[in-house]
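Student: This structure is in structure tokens; I'll ask about it shortly.
Protein chains in written order, with our numbering: chain Y, 167 to 509; chain L, 167 to 509; chain R, 167 to 509; chain H, 167 to 509.
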């Protein structure tokens, strides 16, 4: 940590900063410069309460030098995390994972029909919501346990792994009974009670980036889960809040590259929420693979125009199958491949 | 709801939109224009699944005309909501409410000392966190029930009302035993399980705007609480995520005006989180009152430089007392006043 | 244009809106709804002064239905614009164009050396700045006419087309003598005097999206150029201002898809400014091609660490040559190709 | 400048950073830490090309410690800049300046009528555009020199000072003949040719913050003007691009406080563009004064509903006169006052 002093800071100002640093149990080392003094804080263990320094007299700025996350950091662990799901699908390796399915589980027929066509298209992980976070209290909120049962049936028939969302610590226990991967949604990325519960559930976690979360905050949220003992965390970029409504969200594909540089965790991209409209999903799924994503997560519905939620962004199964071919070509062009389909 | 068709949409396109509208149980009425046809959807009860329409062939755009919130809307209830807290403090009336206190409850001495000086300054509502949502899992997380007990002692001694945060549905029950107002933090604004629980707790709720939430989303989050039966909701603007680090957050004071136009609920402003640095709190507290806020919520600590959290933004008690004088002058200049101090 | 009335608007309110519409020379048609009245404005020629309506009593909102741009709109001209540069390079067709070169022209040796290696890598359009817009008045501002002369020499030797930036109407005349494509930078996207001058120069224009410009504003800026007579406009996505500093800018690749839907103009992507750091350029260049961009524009410098400007984002020539191979593979995987190299 | 090395950077990495620093003519000083080495760059004269360092092997981050602006910095000049306009109005002192007038000059009757009523309300500076930057090429672009002549007539009759916008270097010369203050609009904040020309015109300059400009960029733009010799620069906050359409722009009043901390230049606030709608202008004008602005700039039109531009945000003269009374009360409540009206 570096404490930058104002140009006209007095010797007393510098001394009082040094005193506070000592009081917190660290060592301060002044670095005289041409225009101003800066003070290096030595011994930062990631718990320095910088707020005590930033408003002291003569202080211009306090600059963190240490990253606040540890266990998820690539700096502290070079090797990429590789996660093997119950059905053998490997995330974080050379193979790019296809996750697909409807926004909400609506009925047995719906989920089985789409699961079958997705399996044929090469998908090995099925997504589908049983508990839905909705902006309006009057919108459809999911089938609950019945939805989980239906996902289970789809898994049994197809062999696909299941990823589905939990909304609160109570619901998480139920979801953990069924899911191969527990999803934490964007609105809950900083719901710390939920993150901690997810870290104790014994199931891999897919953590979606919050709508205005920085990559650093995403990694800190992952650190919450890992610090409870669950190392199998998959990150997910799903679009940020932007100022332009040409798309529903602003898909930040550069985050894929930044996450790979800063962390050893795998990251997938959700172009469905990331764009919000069907026509934009295929090009952005392709772009995600080209950018180096470890997987894509796409909403597919047997009859999009009848979907009870997110109808506008759900793809038709046939269009999705076409997309898979393009994704495979792109993966191969950059020295990767799609994960092998289930038998 | 208005469905705008593309310039070159065919008659079949228009017909299929009309069919989907009928299928959802509404009536569609085509409005021919000079350049394109638009279709008005008649009978919107706020539950139209617009996703089914937006991606139909020939559709350029779907424009909502009805606001998706109801009970919190000024359009449906003209009179401002006025909330009387247990100690008689009235929020949402002519009087502007002062809410102040430390970020975290740290010790009996700390909370009592600051409560006494705040009462002398005219404050009638004491804030202080017993459960703290922290970006890093390694940061101080609050005293828990002990913190609530300490707040209770401060209330007993001073007569101030207590506002304190709940982080999850379980914790909320405990908080509700002690608090006069339950605070829902910005990171939890769309934690719907928590919102529902708060709406059933029988205690007024202070709902902070999420870091990148629109005013409409804030009102929808309030609607979650109201729809569970709790009409006493106080909104709080606390700064948005911005692109410029000249302040920690981007305080959106215009939201005060927008909320008053769109909703009958009271709104207070938190200039401490809204700016993140002590020197900026007084001018922005003054600006909040001038903009028409129904209250300000300010972090004050007996020894800011020793605060375990948010040290940089906590004010000194003496500076806060000076600020109160300015706020009173501004309130009177715009035909309002501060609420009367406790005896 | 749709004028949405408040729920409790009076008949007089509706009548006065109708009167203002008539006064402006259009026709208003009331559309009664279940909750409120809306008024359709018939005959909108794109010049309606909606400000006169939006603040009238009883008006809730004014919703534009007509797009404000015309000549650049895909709705009014289905066929994509295809632009052939002086050296035969075609932009906007099936072939994806490679534009590359240093940020600034620095010396004859620098520009010739990089031009030769780029030509070998298959690049047909050379970029390089002779006039540099710099955030600080104390930073290097470019070689001026000397830089243009050096670009000319590089063109003569290699046959590449030249794209270079103009900063103001005077400078533009000089740039137009040399350039095959005149670049308008992001900071000048709404410098209307410059746009008009560019539209009259008789040279194709590459228009970069402003740092916080919507796609609609980008298209309107293009409309300025086209409305002066220059139809050969190439748009460029180069990253937006975001709240997260994990990258210098927030590259909005979805804009490629939106531009292709809304307009017939070609669009290229600049991953160098779009990310700001060398390691992120190749993945985002790949993503741009996968998303459907008509070209990529990449900063390459013979010795990046000695570059006088944008050193951090310039690629090494050898790395760029590797990237070209990947881009070709991706282009072919989506049914396109790179434009053929020069002989 | 501080160069932070990666945790696992080698000695060679550190040495090569030191070599590049020496090559640029500065001195590097390694600062060993518990987790990593940082290197202080000594002798920074504000011209360090940090791009040469940021992408070197082993470098994690380069952190600027010196502010890139000098002449406008409060750190280098403590005393606030006080600017006296031709008619004696003082900006930047204890008195808060009222600037008001229509968006565009439309006719002699319009400008004289509004000028008279504004003078009666206590306004001493008249604003009005003769050259208008418009997002659409088809919108009204201003009366040009005729508009300047009309402003001159209003000045002659009322004694008010005139502020009006220049769009390009050529137009600036003409504007400088008439204006008491030349306005540079938000879209041109980084139009460096225009900034330089404005710095040489011999007339005070009002510089509006760009729609997504940081405060630092605003100060750097001001530095362009000052570095050409014109020290009389007035900054203006006019709202930023935000993600929420509850108001046209996101008015960043905290910037007033930040500018006063970082710079000695005065800053005014434009709540008309800052909110975009008439009903929100008075509360935000009041908030601006309470936040410490040195002036407010408000659009007032004799008949807002007939205004050719920005009709929705223009105030009625009578409402504005009421507002002035409130602003005076607020100014006095914080120890300031409005500037005295003209005789």
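The beta carbon of each residue, even a glycine, is placed where N, CA and C say it ideally should be.
#1: For chain R, check one thing: does any of its Cβ atoms lie closer than 9 Å to the Cβ of residue 196 of chain H?
#2: Of the residues Y:470, Y:252, Y:432, which one's Cα is nearest the Cα of residue 258 of chain Y?
#3: How is residue 438 of chain Y classed by DSSP in three states: helix, strand or coil?
#4: Helix, strand or coil for residue 449 of chain Y? Go by DSSP, reduced to three states.
#5: Please list, in chain order, the chain L residues whose beta carbon lies closer than 9 Å to that of residue 443 of chain Y.
#6: Is the number of C-beta pairs between the stretch 350-366 of chain L and the stretch 331-341 of chain L that are closer than 8 Å three or more?
#7: Pull up the distance between the alpha-carbon of residue 463 of chain R and that of residue 314 of chain R, whole angstroms please.
#8: Going by Cα to Cα distance, which pick from H:388, H:381, H:177 is closest to residue 237 of chain H?
#9: Along the chain, where does the alpha helix (DSSP H) containing residue 285 of chain R start, and where does it finish?
#10: Rounded to whole angstroms, what is the Cα-Cα separation between residue 382 of chain Y and residue 179 of chain H?
#11: Strictly under 9 Å for the Cβ-Cβ distance: is residue 409 of chain R near chain Y by that measure?
#12: Suppose the cutoff is 7 Å on Cβ atoms and the five residues either side in sequence are ignored; what does the same chain contact list for residue 271 of chain Y look like?
#13: Hey, could you find the ends of the beta strand (DSSP E) residue 507 of chain Y is sitting in?
#14: Within 9 Å of any Cβ in chain Y, is that where the Cβ of residue 300 of chain L sits?
#15: Kindly list, in the order they appear in chain Y, the residues whose Cβ is closer than 8 Å to that of residue 172 of chain H.
#16: Comparing C-alpha positions only, which one of L:242, L:260, L:194, L:220 sits nearest to residue 505 of chain L?
#17: For the beta strand (DSSP E) that residue 443 of chain R lies in, which residues bound it at each end?
#18: Can you list, in chain order, the residues of its chain whose CB lies under 7 Å from that of residue 442 of chain Y, leaving out five sequence neighbours each side?
#19: For residue 471 of chain H, would you say it is in contact with chain R, using Cβ-to-Cβ distances shorter than 9 Å as the test?
#20: What residues in the stretch 411-426 of chain L have a beta carbon less than 9 Å from any beta carbon of chain Y?
#21: Are any of the Cβ atoms in chain Y nearer than 9 Å to that of residue 479 of chain H?
#22: Would you kindly work out how many angstroms separate the C-alpha atoms of residue 250 of chain H and residue 422 of chain H, rounded to a whole number?
#23: Have a look at residue 418 of chain R and residue 456 of chain R and give me their C-alpha separation to the nearest angstrom.
#24: If you reduce the DSSP assignment to three classes, tell me which class residue 219 of chain H lands in.
#25: Quick one: any contact between the stretch 444-458 of chain Y and the stretch 479-493 of chain Y, if contact means 3 or more CB pairs under 8 Å?
#26: Give a yes or no on contact between the stretch 197-209 of chain R and the stretch 168-179 of chain R, applying the rule of three or more CB pairs nearer than 8 Å.
#27: Would you mind working out which of R:265, R:465, R:302, R:208 sits nearest residue 214 of chain H, comparing C-alpha positions?
#28: Figure out for me which residue from Y:386, Y:460, Y:363 has the closest Cα to the Cα of residue 341 of chain Y.
#29: Beta-carbon within less than 7 Å of residue 486 of chain H's beta-carbon, same chain only, minus the 5 sequence neighbours each way: which residues are those?
#30: Look at residue 428 of chain H and residue 386 of chain H and say whether their C-beta atoms are less than 9 Å apart.
#31: Which of the three DSSP states, helix, strand or coil, is assigned to residue 495 of chain H?
#32: In three-state terms, what does DSSP make of residue 401 of chain R?
#33: Determine, using beta carbons only, whether residue 440 of chain R comes closer than 9 Å to chain Y.
#34: Report the residues of the stretch 375-401 of chain H with a CB closer than 7 Å to any CB of chain R, ordered along the chain.
#35: For the stretch 180-212 of chain Y, list the beta strand (DSSP E) runs that are entirely contained and at least 3 residues long, ordered along the chain.
#36: Can you have a look at residue 323 of chain R and say buried or exposed, based on whether 16 or more other CB atoms are within 10 angstroms of its CB?
Tutor: From the atom records:
#1: Not an interface residue.
#2: Minimum Cα distance to residue 258 of chain Y is reached at Y:432.
#3: Residue 438 of chain Y sits in a helix when the DSSP states are folded into three classes.
#4: Helix.
#5: Here the neighbours are 220, 221.
#6: Cβ pair count under 8 Å is three or more, so yes.
#7: Approximately 19 Å between the Cα atoms of the pair.
#8: Just measuring C-alpha positions, the residue of H:388, H:381, H:177 sitting nearest residue 237 of chain H is H:388.
#9: Start and end: 274-287.
#10: Linking residue 382 of chain Y to residue 179 of chain H through their CA atoms gives a straight-line distance of about 25 Å.
#11: Taking Cβ atoms only, chain Y reaches closer than 9 Å to residue 409 of chain R, which makes this a yes.
#12: By the criterion of a C-beta distance shorter than 7 Å, residue 271 of chain Y is surrounded in its chain by 277, 294, 295, 296, 309, 313, 316, 317, once the five residues flanking it on both sides are discounted.
#13: Residue 507 of chain Y: not part of any beta strand (DSSP E); DSSP gives it neither H nor E.
#14: Taking Cβ atoms only, chain Y reaches closer than 9 Å to residue 300 of chain L, which makes this a yes.
#15: Within 8 Å Cβ-Cβ: 241.
#16: Residue L:260 is the option with its Cα nearest to residue 505 of chain L.
#17: It is not in any beta strand (DSSP E) - residue 443 of chain R carries neither H nor E in the DSSP assignment.
#18: Here the set comprises 413, 414, 415, 478, 479.
#19: In terms of beta-carbon proximity, residue 471 of chain H lines the interface with chain R, with at least one pair separated by less than 9 Å.
#20: The residues in question: there are none.
#21: Closer than 9 Å to the CB of residue 479 of chain H there is not a single CB belonging to chain Y.
#22: So the two alpha carbons sit approximately 20 Å from each other.
#23: When rounded, the distance between both Cα atoms is 13 Å.
#24: Three-state DSSP puts residue 219 of chain H in a helix.
#25: Touching, yes, given that three or more Cβ pairs across the two stretches are closer than 8 Å.
#26: Because the criterion of three Cβ pairs below 8 Å is met, the stretch 197-209 of chain R and the stretch 168-179 of chain R touch.
#27: Residue R:302 is the option with its Cα nearest to residue 214 of chain H.
#28: Per the C-alpha coordinates, the member of Y:386, Y:460, Y:363 positioned closest to residue 341 of chain Y is Y:363.
#29: Excluding residues within five positions, the ones whose Cβ falls inside 7 Å are 266, 287, 464, 466.
#30: Against a cut-off of 9 Å, the Cβ pair of residue 386 of chain H and residue 428 of chain H comes out as no contact.
#31: In the structure shown, the three-state DSSP call for residue 495 of chain H is helix.
#32: Strand at residue 401 of chain R.
#33: Closer than 9 Å to some Cβ of chain Y, the Cβ of residue 440 of chain R qualifies, so yes.
#34: Contacts with chain R (Cβ-Cβ distance below 7 Å) from the stretch 375-401 of chain H involve 377, 378, 383, 386, 389, 390, 393, listed in chain order.
#35: Within the stretch 180-212 of chain Y, the complete beta strand (DSSP E) runs of at least 3 residues are 193-198, 203-208.
#36: Result: exposed.
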